[in-house]
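Protein sequence lines correspond, in order, to chains F and W.
Throughout, the working numbering is defined as the position within the first sequence, counted from one, plus 102.
Throughout, the working numbering is defined as the position within the second sequence, counted from one, plus 1.
Below is one structure, written out as structure tokens; the observations come after it.
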Amino acid sequence: MPRVAAMTGNNAVAESMRQINPDVVAAYPITPQTELSEEFAEFVANGKVDTEYVTVESEHSAMSACIGASAAGSRVLTATSSAGFALMWEMLPIASGTRTPVIMTVVNRAFSAPINIHCSHDDTMGGRDAGWIQLYSENSQEAYDNMIQAVRIGEDMSVRLPVMVAMDGFIISHAVERLELLDDESVKKFIGPYQSVNPLLDTKKPVTYGALALQDYYMESKWQQSAALLNSKAKILEVAAEYKKLTGRSYGLFENYKLDDAEVAIVIINSAAGVAKMVVDELREKGIKAGVLQPRVYRPFPHEEIREALKNIKAIAIMDRTDAFGAGGTPTFTEVTSALYGLTNPPKVINYVYGLGGRDIRVEDIHGVYQRLTEIAKTGKTGKMFEYLGVRK
Amino acid sequence: MKKLKSAREIPIGTAIEDAGCSREYHTGSWRNFRPIHDKEKCVNCLTCWIYCPDGCVQVKDGKVVEFDLKYCKGCGICAEECPAKGKAITMVPEEKKE
Ligand code: SF4
Ligand code: SF4
């Protein structure tokens, strides 16, 4: 019997971390992730886990300690948000480059300036090309489930890459929701014992990490890393299938919500996808064929599968809770349109920046987007491609 | 020249599995100043041996015998640190070493 609990997103992730019982956690508090690392510190203090908790002086040190601990041969978790993520930046490609499978929760929060503690996807979207696997979560349940799967994915011998699990700051991290939890034994069995590759602590077989590779080997090292990330897609699906057997909850590369016969669709990530799906249900009752594509696996980006899912749709709005300043299109817009490239009769596409800094994305807002999409589907005229949704101009 | 390995042959994360592989990297090719040792002035304090970043100072029976020029990159740290009166190490441009 699964345990049913009412928890915030931060509680849920901290609980998954307790069950994963990592060897090392090195983390630095930052809003809105603070509660999560505090709660885990409590587990450590109360002897609920065997973890060595490294209290560091910054996120740069946190990620450095995580990479070192992982290279030493241990299972390592951490968490951060926004500016903390930015301060880790230098170390993010080092984690993926050294192939240390650190698992990190990122509680999405806007970048400064102006200072804002609420949700934008600036952090994880900014770090999307750091060579990490990225999993996005709509709610606490998904964040919890993604964490447990992330351990299996990142540590797999065919993958060996760090994984980020993203969830929305405050909207999810601080909202209490009902979720189902596995029992400790099932989690332990699912993730299995940690298996190290070239651990630094193996004194019988000394190895060097982080050495210099110049014109002769740098490119081979990067190709190897690139191939591992692209190939991880199969493993992600395999782990999801196994997780479904255990929990009954299914996960894919993205959620296909009523897309199969849809004429209009929204592509949207994390908590706001919940609103979009609700609106789709309302529209379906009125006979409007609407759907939602909610990306879960953002790296590796499932271009082919997304093209397949969207190819017959007439008009699509791609919505991001971040801007890619100066690109004239947000990160997901660029990804999705490149996925659609080459179709003989591609869907019409528009792009919205929404909900920055935690601004509410209301049911009416989403209705408005579908209304515009229906209009585009009818007339074939796209109008303005890139727009901030609901901004006062 | 040594045949370079392919991406599939090297360990993941560019980990180096053979200890001491820096021995294969001859930093001596970088050198444009050569340390010249003056046995008369040398007090054999071995400060140069401690400071040399490439382990080039060859010591026998507690005495400096020579510098391993295969690895000596000519950084001059040994000369800078040498405490002997009038300096027992002088850095001489490679082209004037005779
Ligand atoms: S530091 Fe100078 S005096 Fe000391 S051993 Fe080296 S050369 Fe001789
Ligand atoms: S010049 Fe530099 S590398 Fe050469 S022996 Fe002196 S300290 Fe060592």
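Where a beta carbon is used, it is the ideal one built from N, C-alpha and C, also for glycine.
Nothing here was measured: the structure is a model prediction, and the numbers come from that model.
Would you mind telling me which residues of chain W sit closer than 7 Å to residue i, beta carbon to beta carbon, in chain order?
i, result
"W191 of chain F", "Those do not exist, as W191 of chain F stays about 19 Å from chain W at its closest Cβ, beyond 7 Å."
"P308 of chain F", "A20"
"R351 of chain F", "Those do not exist, as R351 of chain F stays about 31 Å from chain W at its closest Cβ, beyond 7 Å."
"R262 of chain F", "I13"
"N112 of chain F", "The premise fails here: N112 of chain F is roughly 31 Å from chain W at the closest Cβ pair, so nothing lies under 7 Å."
"A315 of chain F", "T15"
Just to make sure I have the definition right: I need the residues of chain F whose C-beta is within less than 7 Å of the C-beta of residue i. Which are they?
i, result
"S1 of chain W", "What the structure shows of chain W is the stretch from 2 to 99, and residue 1 of chain W is not part of that stretch, so it cannot be assessed."
Starting from the beta carbon of residue i, find every residue of chain W whose beta carbon is closer than 8 Å, and list them in chain order.
i, result
"P131 of chain F", "Residues of chain W passing the Cβ test: none, with the nearest at roughly 29 Å."
"G199 of chain F", "G14, T15"
"V126 of chain F", "Simply none; closest approach about 18 Å."
Please determine whether the Cβ atom of residue i lies at a distance below 7 Å from any heavy atom of ligand 2.
i, result
"C43 of chain W", "no"
"P36 of chain W", "yes"
"I420 of chain F", "no"
"C79 of chain W", "yes"
"P94 of chain W", "no"
"K291 of chain F", "no"
"Y26 of chain W", "no"
"K74 of chain W", "yes"
"C53 of chain W", "yes"
"F403 of chain F", "no"
"F356 of chain F", "no"
"F142 of chain F", "no"
"F272 of chain F", "no"
"F68 of chain W", "yes"
Below 7 Å, is the gap between the Cβ of residue i and the nearest heavy atom of ligand 1?
i, result
"C83 of chain W", "yes"
"A185 of chain F", "no"
"C57 of chain W", "no"
"T91 of chain W", "no"
"V158 of chain F", "no"
"L47 of chain W", "yes"
"V151 of chain F", "no"
"C65 of chain W", "Reading off the sequence shown, one finds Val at residue 65 of chain W, where the question assumed Cys. Yes, Cβ of V65 of chain W sits closer than 7 Å to a heavy atom of ligand 1."
Name, please, each residue of chain F whose Cβ falls closer than 8 Å to the Cβ of residue i.
i, result
"I11 of chain W", "Y319, E322, S323, Q326"
Strictly below 9 Å CB to CB, what residues from chain W border residue i?
i, result
"Y311 of chain F", "G14, T15, A16, I17"
Residues within the stretch 16 to 34 of chain W neighbouring chain F, beta-carbon criterion of under 7 Å: Under the 7 Å Cβ criterion, the stretch 16 to 34 of chain W contributes A16, I17, E18, A20.
Contacting positions in the stretch 48 to 80 of chain W - beta carbon closer than 7 Å to chain F: Flagged: no residues at all.
Residue ranges of each beta strand (DSSP E) within the stretch 212 to 239 of chain F, 3 or longer: You should have 235 to 238.
Proximal residues, the stretch 85 to 97 of chain W versus chain F, C-beta separation under 7 Å: Against chain F - using a Cβ distance shorter than 7 Å - the stretch 85 to 97 of chain W contributes no residues.
Runs of beta strand (DSSP E) wholly within the stretch 9 to 93 of chain W (minimum 3 residues, chain order): Taking 3 residues as the shortest admissible run, the stretch 9 to 93 of chain W contains the following complete beta strand (DSSP E) segments, listed from N- to C-terminal end: 34 to 38, 58 to 61, 64 to 68.
Contained beta strand (DSSP E) runs [length at least 3] in the stretch 412 to 441 of chain F, N- to C-terminal order: Qualifying beta strand (DSSP E) stretches, in chain order: 417 to 422.
Length at least 4, wholly inside the stretch 121 to 147 of chain F: the alpha helix (DSSP H) runs in chain order: With a minimum length of 4 residues, the continuous alpha helix (DSSP H) runs that stay inside the stretch 121 to 147 of chain F are 136 to 147.
Contact residues within the stretch 290 to 305 of chain F, judged by C-beta distance below 8 Å to chain W: Using a CB distance below 8 Å, the part of the stretch 290 to 305 of chain F facing chain W consists of V299, N300, ordered along the chain.
Complete runs of the alpha helix (DSSP H) confined to the stretch 271 to 335 of chain F [at least 4 residues]: Counting only runs that start and end inside the stretch 271 to 335 of chain F, the alpha helix (DSSP H) elements of at least 4 residues fall at 286 to 293.
Inside the stretch 350 to 424 of chain F only - alpha helix (DSSP H) runs reaching at least 4 residues: Runs of the alpha helix (DSSP H) lying entirely within the stretch 350 to 424 of chain F and spanning at least 4 residues, in chain order: 374 to 387, 405 to 412.
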